[in-house]
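Data first, discussion second: the structure below is written as structure tokens.
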Amino acid sequence: MENTSDNGKDEEAFGISQIQIIIPDKGTSEETPKKKKNKKKKRKDGSKDEKKKLPHSVVLARCLGTALKLVKHHEAQERQKIKDEDIRQKALEQKERMSQERPERFSRVIL
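No gaps in the numbering here: position 5 of the sequence shown is 5 in UniProt numbering, and each next residue is one more.
Put into structure tokens, the structure is as follows:
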């Protein structure tokens, strides 16, 4: 009897429902308008001449602007390298002075 009551509980816990599959009809063109395919235009051989060219002054200004930015960037890097080297030298000098003043603190004893 216990087995039959367990089966009844399982059936109540899980319900099976029907699955319905809906497939849209592709044959009806009246409902959905056709999409136009956008074709890419091919370039002509003479298209280089047809391009709008910037004035020489604008091109030159842009080139000079980027060149100046690069030069300033390199100069800033060089100044930073010099500062870093100066700081390193000062730190080494300070370490040397401290080791001369108090050698017992900076000596390494290996036992």
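Glycine included, C-beta positions come from ideal geometry on N, C-alpha and C.
For residue i, collect the residues of the same chain with a Cβ closer than 6 Å to its Cβ; drop the 5 residues on either side in sequence, then sort them by chain order.
{"i": "residue 67", "result": "none"}
{"i": "residue 89", "result": "none"}
What is the rounded straight-line gap between the Cα of residue i and the Cα of residue j?
{"i": "residue 102", "j": "residue 92", "result": "15 Å"}
{"i": "residue 81", "j": "residue 69", "result": "18 Å"}
{"i": "residue 77", "j": "residue 40", "result": "47 Å"}
{"i": "residue 64", "j": "residue 79", "result": "22 Å"}
{"i": "residue 100", "j": "residue 73", "result": "41 Å"}
{"i": "residue 97", "j": "residue 57", "result": "60 Å"}
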